[in-house]
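Colleague: Chains as they are written, first to last, in my numbering: chain H, 1 to 275; chain R, 1 to 686.
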Amino acid sequence: MVQLRPRASRAPASASAMVDEGQPASEEEAGHGLLLGQPSSGAAAEPLEEDEEGDDEIDDEAPEELTFASAQAEAKEEERRVRETVRRDRALLKEKRKRREELFIEQKKRKLLPDTILEKLTTASQTSVKKSPGKLKEVNLQKKNEERGKGSDSKKAKVQKVQTVGQNKSYMAVRLKDQDLRDSRQEAAKAFIQNCLYGPGTNRTTVNKFLSLENKRLPMKKAAAQFLNNTWGPVARQALLSMGFSRQEHWSGLPCPPPGDLPNPGIELMSLALQ
Amino acid sequence: MGEFNVHRVRFFNYVPSGIRCVAYNNQSNRLAVSRTDGTVEIYNLSANYFQEKFFPGHESRATEALCWAKGQRLFSAGLNGEIIEYDLQALTIKYAVDAFGGPIWSMAASPSGSQLLVGCEDGSVKLFQITPDKIQFERNFDRQKSRILSLSWHPAGTHVAAGSIDYISVFDSKSGSAIGKMLVDRQYMGVSKRKCIIWGVAFLSDGTVISVDSAGKVQIWDSATGTLVKNHLVSNADVQSIAVSAQEDSFVVGTAEGTVFHFQLVSVTSSSSEKQWVRTKPFQHHTHDVRAVAHSPTALISGGTDTHLVIRPLMEKVEVKNYDAALRKITFPHRRLVSCAKKKQLLLFQFAHHLELWRLGSTVATGKNGDTLPLSKNADHLLHLKTKGPENIICSCISPCGGWIACSTASRFFLYRLNYEHDNISLQRVSKMPVFLRSALQILFSEDSTKLFVASNQGSLRVFRLLEGGFTHLHSFQPQSGTVQSMCLLAVSPDGNWLAASGTSAGVHVYNVKQLKLHCTVPAYNFPVTALAIAPNTNNLVIAHSDQQVFEYSIPDKQYTEWSRTVQKQGFHHLWLQRDTPITHISFHPKRPMHILLHDTYMFCLIDKSLPLPNDKTLLYNPLPPTNESDVIRRRTAHAFKISKKYKPLLFVDLLDEKTLVAVERPLDDIIAQLPPPIKKKKFGT
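(1) Does the Cβ of residue 240/R have 16 or more other Cβ atoms within 10 Å, making it buried, or fewer, making it exposed?
(2) Let me confirm a value: residue 64/R is counted as buried when at least 16 other C-beta atoms fall within 10 Å, else exposed. Which label applies?
(3) So, are the CB atoms of residue 211/H and residue 237/R less than 8 Å apart?
(4) Is residue 195/H close to chain R, meaning its C-beta is less than 8 Å from at least one C-beta of that chain?
(5) Please go through the same chain and pick out, in chain order, the residues whose beta-carbon is closer than 6 Å to the beta-carbon of residue 435/R, but skip the five residues on each side of it.
(6) Classify residue 24/R: buried if its beta carbon has 16 or more other beta carbons within 10 angstroms, exposed otherwise.
(7) Have a look at residue 689/R and residue 124/R and give me their C-alpha separation to the nearest angstrom.
(8) Note down, in chain order, every chain H residue with its Cβ under 9 Å from the Cβ of residue 185/R.
(9) Give me the Cβ distance between residue 444/R and residue 407/R, rounded to the nearest whole Å; I'm assuming they're in contact under 8 Å.
(10) By DSSP, does residue 191/H sit in helix, in strand, or in coil?
(11) May I ask you to list, following chain order, the residues of the stretch 662–683 of chain R that have a beta carbon less than 9 Å from some beta carbon of chain H?
(12) Mark residue 485/R as exposed unless 16 or more other C-beta atoms lie within 10 angstroms of its C-beta, in which case mark it buried.
(13) Could you pull out every residue in the same chain whose Cβ sits closer than 6 Å to the Cβ of residue 323/R, ignoring the five residues on either side in sequence?
(14) With 16 as the cutoff for other CB atoms within 10 Å, does residue 422/R come out buried or exposed?
(15) What does a CB cutoff of less than 6 Å around residue 210/R pick up in its chain, not counting 5 residues either side in sequence?
(16) Between residue 686/R and chain H, is any beta-carbon pair separated by less than 8 Å?
(17) Any beta carbon from chain R within less than 8 Å of residue 211/H's own beta carbon?
(18) Looking at chain H, is there any beta carbon in it that lies within less than 8 Å of the beta carbon of residue 533/R?
(19) Within a Cβ cutoff of 7 Å, which residues of the same chain sit near residue 213/R, ignoring the five residues on either side of it in sequence?
(20) Taking the C-alpha atoms as reference points, what is the distance between residue 113/R and residue 70/R?
(21) Under three-state DSSP, which class holds residue 211/H?
(22) Less than 8 Å separating the beta-carbons of residue 218/R and residue 244/R?
(23) Out of curiosity, what's the CA-to-CA distance linking residue 86/R and residue 37/R?
(24) At 4 residues or longer, what runs of the alpha helix (DSSP H) sit wholly inside the stretch 300–327 of chain R?
(25) Based on Cα-Cα distance, which residue from 127/R, 133/R, 134/R, 136/R lies nearest to residue 151/R?
(26) Go ahead and label residue 85/H buried or exposed: buried means 16 or more other beta carbons lie within 10 angstroms of its beta carbon, across all protein chains shown.
(27) Write down every uninterrupted run of the beta strand (DSSP E) in the stretch 49–89 of chain R whose length is 3 residues or greater and which is fully enclosed by it, in chain order.
(28) Alpha carbon to alpha carbon, what distance is there between residue 684/R and residue 218/H?
(29) Using the rule of at least 16 other Cβ atoms within 10 Å of the residue's Cβ for burial, across every protein chain shown, is residue 121/R buried or exposed?
(30) Report the three-state DSSP secondary structure of residue 670/R (helix, strand or coil).
(31) Hey, does residue 190/H have any beta-carbon neighbour from chain R nearer than 8 Å?
(32) Is it buried or exposed, residue 49/R, if we count other Cβ atoms within 10 angstroms and call 16 or more buried?
(33) Using a Cβ-Cβ cut-off of less than 9 Å, give me the residues of the stretch 228–239 of chain R that come near chain H, in sequence order.
(34) Against chain R, does residue 207/H count as a neighbour if the rule is that its beta carbon must be under 8 Å from one of theirs?
(35) Residue 413/R by DSSP, collapsed to three states: which one?
(36) Just to check, is the beta-carbon of residue 360/R closer than 7 Å to a non-hydrogen atom of the ligand NAD?
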């Protein structure tokens, strides 16, 4: 039911004709047929129109004539514009960088102590360093504790001096007696074992709960075991606290003491059969 | 009639320290046990599991490894970085050598017994040569990245397996280079952030390496190819120890939940020759972590944080099925920690670093059998005496009059004078100690508190006279012949004439104190002495041995008494001989010479020598018969051993005067309440 137009050479026209004719006739048909047709109809429509216009223009006019000077001028304009934009971009970037640097310097200044205090410290450390040799001489006459105290003070002052003067020194002077190399390694080893066995991630329970397990499974359920003595189960108590809650009423004086556990349950009479 | 007021004392807060390492010596059938406070104890497994020797602990010595080397030499290493050798004859520490590798985590002696390997904190494995009098550093093996927590030699001595964190390395022992590395999964079937710590490794002669780690796995590796052969997941918590038998057909592992598993090499089918490791038996004898296990030819030995030492004989290895094949659990000490000043009713408690002096309470009420009498005056904590220094106290004693206290550590001896005015006491330390009095193994005061007897660790016995301001040295008895078999025990007669000393293999020596010379020697017995006492008036020496035999020896006559010979001829009741714990104290009734009072941990007994002895058919534990039975039956069933099991576990029982007994108990729950926390176990219904 499609009637073809007289321009049989234009294939798109025939397609559009098909579609145009087809639209009112076949509205009852499934949408997909129309949909397929529609974009192609749009695409087909445009070249149709352009061709019609192009046909008219190409035949009539000749190309324009441009002088060399004008073209040169144009090109120069283009160049100037490009240069301008580049310069502007560079200037913008420079400004940005400047602003950023200023910001950083300000932040750094904020972190450091104000200048007045720094001056005070440097003068104080210098004077205390001068004092310490004198102090050490005096110290021989005094007791050992005081000597150790002053010695450590002078050491601390020396340490401060190193840090605040700001020179590139990354050492710290300490007395060998204050630090025991072997002990620190031993402490680290003990901490490692403690962490492995009793640290977080291990599934440990408190001694209280462990002793109460039996009470809970008896036919006559008894109360959980609780300690009268606050020092018992100290490790467990720390574990409880570290878990984030501390139940003070759980540990302090209690109504039901553990069975048969009074310190000295009196004197008993006992008789042995000796006939 | 024996009716007594009994002071039931439960304020002795005795908490033993947990067991850290266990080492079994096959040639002498002895077990060395080291505890977390540094004490090392030696148990003689053939002498009824008696603790015969011990080395006191030290605060800085945290032992992490213990091993026996050739020639009965005992070495230990700990977190202070030192290897210590113990002198089993002089009962002191021979020397301590620093390994210069930081804290030492593990130690293993080579199968030949002449080399010692230690694994250190910095990842180095160091080889030492054992020379006759010392050890000498030989070589460092290739250094590993993390700490070496366990070591094991190949039975031929050619290779060494070292367990670290997340991996096991295999070294060649001749060159010291690492020839293989086996990476261990952090978790059985899964990923985990927690590092896997290899707590134990064992190297078998066919090249298999068995490892136990903190993820609860027991893994069997082939060391030649470095591949995993079999993976057993035995527990949710850490598996902390492993020990392989000498025949390599069974091994035992201990977990942090307190379970001990037994693995055996079993053929796949009954006819095939191919064998595989199968987990056969679980044992739950512990409540806390089992940190050490050992495998003797006939038994599995385990010890851990709950301070019990459990020896479980394996049924298939035991020859004769008698009481020897029963489970043994050693919890309480095999020696006395309590001394008593009878006249003033004072008790001295010995702890690791301090002494406590208590006065007993009193009552004015009376009652009948089984009553609890109210106290009119409570027990008094009179003194808390701390010793200076990091060492543990070896022994202590209070004089019978209550005026002197003496105690000794491994390097110092302390003597204090006490004065009582009304209700106050004042303490004075005797500061001038003679140079030769360094440490004492046993201290005893004479009955009238004028003399002090000290047994020191060079084997000599010294007698001092006590004066008001101090003391003077009277005499030294030189060490007698014979090797040191066990810790020295002393006993002095109430009249002050005789002194008995045990501990050597020559027997019990009896000295005449007035004439200051050796009087006689009781013939040697092959089991060590656990308690000694001399009776008043008759001067009979009563000796208790670790196999539950009790002898009575008359000192003036220099021979065994008639009663003792009768008892030996008839033999003790079989239930008496099957008791687990040794007798630790013997005492006497002041007015009744026929009575002997002795106790062990679970009973105390009054032996009446005038009554007939029980034979195997009679009932040994004879409670008071009901009053409606006739007198004749009562007389027929009565026998010499009056045993009471009412108060237990007992640490000390003594007769204060004619009508009063004191019984110091230590309930097990009180000890458990002060131990570190155990692993959480989910039980159905709670």
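Note that beta-carbon positions come from the ideal geometry of N, C-alpha and C, so glycine has one too.
Modeller: This is what the structure holds:
(1) Locating residue 240/R in the second sequence gives position 240, where the first residue counts as 1. Result: buried.
(2) Position 64 of the second sequence, counting from 1, holds the residue named residue 64/R. Buried.
(3) Within the first sequence, numbered from 1, the residue matching residue 211/H stands at position 211. Within the second sequence, numbered from 1, the residue matching residue 237/R stands at position 237. Not closer than 8 Å, so no.
(4) Here residue 195/H refers to the residue found at position 195 of the first sequence. By this cut-off, residue 195/H is not an interface position.
(5) Taking the second sequence and counting its residues from 1, the one referred to as residue 435/R is at position 435. For residue 435/R, where only same-chain residues beyond five positions count, there are no Cβ hits under 6 Å.
(6) Translated into positions along the second sequence, residue 24/R becomes position 24. With 16 or more Cβ atoms within 10 Å of its Cβ, residue 24/R is classed as buried.
(7) Here chain R comprises residues numbered 1 to 686, so residue 689/R is not present and cannot be evaluated.
(8) Taking the first residue of the second sequence as position 1, residue 185/R is located at position 185. Neighbours of residue 185/R on chain H: none; closest Cβ ~17 Å, over 9 Å.
(9) Reading the second sequence from its first residue, position 444 is the one you call residue 444/R. Reading the second sequence from its first residue, position 407 is the one you call residue 407/R. Contact doesn't hold; Cβ gap of about 13 Å is too wide.
(10) Within the first sequence, residue 191/H is the residue found at index 191, counting from 1. It is helical.
(11) 667, 669, 670, 672, 673, 674, 675, 676, 677, 678, 679, 680, 681, 683
(12) Here residue 485/R corresponds to residue number 485 of the second sequence, with the count starting at 1. Buried: at least 16 other Cβ atoms inside 10 Å.
(13) The residue labelled residue 323/R in the question sits at position 323 within the second sequence. Counting only Cβ-Cβ distances below 6 Å, and skipping sequence neighbours, we find 578.
(14) Locating residue 422/R in the second sequence gives position 422, counting from the first residue. Label assigned to residue 422/R: exposed.
(15) For this step, residue 210/R is matched to residue 210 along the second sequence. Within the same chain, 202, 220 come within 6 Å of residue 210/R by CB-CB distance, once the 5 residues on both sides are set aside.
(16) By one-based count along the second sequence, residue 686/R stands at place 686. True, the Cβ-Cβ gap to chain H drops below 8 Å.
(17) On the first sequence, position 211 is the one that residue 211/H refers to. Judged by the 8 Å Cβ criterion, residue 211/H is in contact with chain R.
(18) Here residue 533/R refers to the residue found at position 533 of the second sequence. Not an interface residue.
(19) Your numbering for residue 213/R matches position 213 in the second sequence. Hits under 7 Å: 184, 196, 197, 198, 199, 239.
(20) Against the second sequence, residue 113/R aligns to sequence position 113. Against the second sequence, residue 70/R aligns to sequence position 70. Approximately 4 Å between the Cα atoms of the pair.
(21) Along the first sequence, one-based indexing puts residue 211/H at 211. Three-state result, residue 211/H: helix.
(22) Within the second sequence, residue 218/R is the residue found at index 218, counting from 1. Within the second sequence, residue 244/R is the residue found at index 244, counting from 1. No, they are not a contact pair.
(23) As a position in the second sequence, residue 86/R is number 86, starting the count at 1. As a position in the second sequence, residue 37/R is number 37, starting the count at 1. Whole-angstrom Cα-Cα distance: 16 Å.
(24) none
(25) To locate residue 151/R, count along the second sequence from 1; it is residue 151. Among 127/R, 133/R, 134/R, 136/R, the Cα nearest to that of residue 151/R belongs to 127/R.
(26) In the first sequence, residue 85/H corresponds to position 85, counting from 1. The residue in question, residue 85/H, is exposed, as its Cβ has fewer than 16 Cβ neighbours within 10 Å.
(27) For secondary structure counted as the beta strand (DSSP E) over 3 or more consecutive residues, the stretch 49–89 of chain R holds these complete runs in sequence order: 50–55, 63–69, 73–78, 82–87.
(28) Translated into positions along the first sequence, residue 218/H becomes position 218. Translated into positions along the second sequence, residue 684/R becomes position 684. Using only the alpha carbons, I get a separation of about 12 Å.
(29) The residue labelled residue 121/R in the question sits at position 121 within the second sequence. Classification for residue 121/R: buried.
(30) Along the second sequence, read from residue 1 onward, the residue named residue 670/R stands at position 670. Three-state result, residue 670/R: helix.
(31) Looking up residue 190/H in the first sequence gives position 190. Yes, residue 190/H lies at the interface with chain R (some Cβ there is under 8 Å from its Cβ).
(32) Within the second sequence, numbered from 1, the residue matching residue 49/R stands at position 49. With 16 or more other Cβ atoms within 10 Å, it is buried.
(33) 236, 237, 238
(34) Along the first sequence, one-based indexing puts residue 207/H at 207. Yes, because at least one Cβ of chain R sits closer than 8 Å to the Cβ of residue 207/H.
(35) The sequence position of residue 413/R within the second sequence is 413, counting from 1. If DSSP states are grouped into helix, strand and coil, residue 413/R belongs with the strands.
(36) In the structure shown, the ligand NAD is absent, as is every other ligand, since no ligand is present at all.
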